[in-house]
Amino acid sequence: MHAPLSSLVAATAQWLVRAYPAGGGAVDRALAEAQARQAAGVAAALRYPTELDAALVAVTGAGGADRLDWVTGAEGDDAPWRSWVDEVVASWAACLLGEPALASAAVAATAGRAPAGYHRLLSPGDRDRRAAALLRHPDLLAPVADLHRAALLAALALDPRDPALPV
Numbered sequence: 287m288h289a290p291l292s293s294l295v296a297a298t299a300q301w302l303v304r305a306y307p308a309g310g311g312a313v314d315r316a317l318a319e320a321q322a323r324q325a326a327g328v329a330a331a332l333r334y335p336t337e338l339d340a341a342l343v344a345v346t347g348a349g350g351a352d353r354l355d356w357v358t359g360a361e362g363d364d365a366p367w368r369s370w371v372d373e374v375v376a377s378w379a380a381c382l383l384g385e386p387a388l389a390s391a392a393v394a395a396t397a398g399r400a401p402a403g404y405h406r407l408l409s410p411g412d413r414d415r416r417a418a419a420l421l422r423h424p425d426l427l428a429p430v431a432d433l434h435r436a437a438l439l440a441a442l443a444l445d446p447r448d449p450a451l452p453v
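Take the position in the sequence shown, starting the count at 1, then add 286; the result is the number in this note's numbering.
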């Protein structure tokens, strides 16, 4: 992942964990955030594959969380970090969190462009799954995931009619 994307990844992951909060204490929140960051990092690496792409989004901004809030029924606020939330990256990250086959394909497609170490995204343990029960629930993620799922499949050159990939 390119350095200019770190704020975008952090803000998008923050939005995801606030929209789909962990149920337990501080450890559960940290585990859920780690999973959201890994998913957002992979999604950002796919969405902005070159340094130029990353630099352009760093200059122009990511777009913010307003539409995501509307789709999920969340109440947003005016916190400055929210302007760095990228709707497409959030949607793609939601796809990756809810669909293990897509997560594997996306990590393979990044081929070194995203940070290494995707254990929590690709093979979460029982504690990870419990901590991020809402964050990984496909039905709950659907309103966000469906926003840009077709573009993710196109970026990964996957056929949406493939029975291994739930539509």
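Glycine is no exception: its CB is placed at the ideal position from the N, C-alpha and C atoms.
Cβ neighbours of residue i in the same chain (closer than 7 Å, five flanking residues each side left out)
i: Val-430; result: Leu-354, Val-357, Thr-358, Ala-376, Ser-377, Ala-380
i: Leu-420; result: Tyr-306, Pro-307, Leu-426
i: Gly-362; result: Ala-351, Asp-352, Asp-355, Arg-368
i: His-434; result: Val-374, Ser-377, Trp-378
i: Gln-321; result: Leu-383, Arg-406, Leu-407, Pro-410, Asp-414, Ala-418, Leu-421
i: Gly-309; result: Ala-419
C-beta atoms of residue i and residue j nearer than 8 Å
i: Arg-406; j: Asp-414; result: yes
i: Ala-437; j: Val-374; result: yes
i: Leu-388; j: Arg-422; result: no
i: Ala-441; j: Leu-332; result: yes
Selected residue, minimal CA-CA separation from residue i, among the options
i: Ala-391; options: Leu-439, Tyr-306, Leu-421; result: Leu-439
i: Arg-315; options: Ala-417, Leu-444, Thr-298; result: Ala-417
i: Ala-299; options: Val-343, Ala-443, Leu-317; result: Leu-317
i: Ala-454; options: Glu-337, Ala-344, Leu-302, Ala-312; result: Not covered by the structure: residue 454. The range shown for the chain is 287 to 453.
i: Ala-340; options: Asp-372, Pro-424, Ala-428; result: Asp-372
i: Ala-443; options: Tyr-404, Ala-428, Ala-395, Gly-403; result: Ala-395
i: Arg-323; options: Leu-291, Ala-312, Gly-309, Leu-342; result: Leu-291
i: Val-328; options: Glu-319, Val-313, Ala-365, Tyr-404; result: Tyr-404
i: Pro-410; options: Glu-319, Ala-428, Gly-311; result: Glu-319
Cutoff 8 Å; reference residue i; Cβ partners in own chain excluding five residues on either side
i: Pro-386; result: Leu-408
i: Arg-304; result: Ala-360
i: Pro-424; result: Gly-384, Glu-385, Ala-431, Pro-452
i: Ala-365; result: none
Same chain only: Cβ atoms within 6 Å of residue i, ignoring 5 sequence neighbours per side
i: Thr-346; result: none
i: Trp-370; result: Ser-293, Leu-294, Ala-297, Ala-348
i: Glu-337; result: His-288
i: Ala-344; result: Pro-290
**Message:** To test your reading of the DSSP string, which unbroken beta strand (DSSP E) runs of 3 or more residues are found completely within the region 364 to 396?
**Reply:** Correct list: empty.
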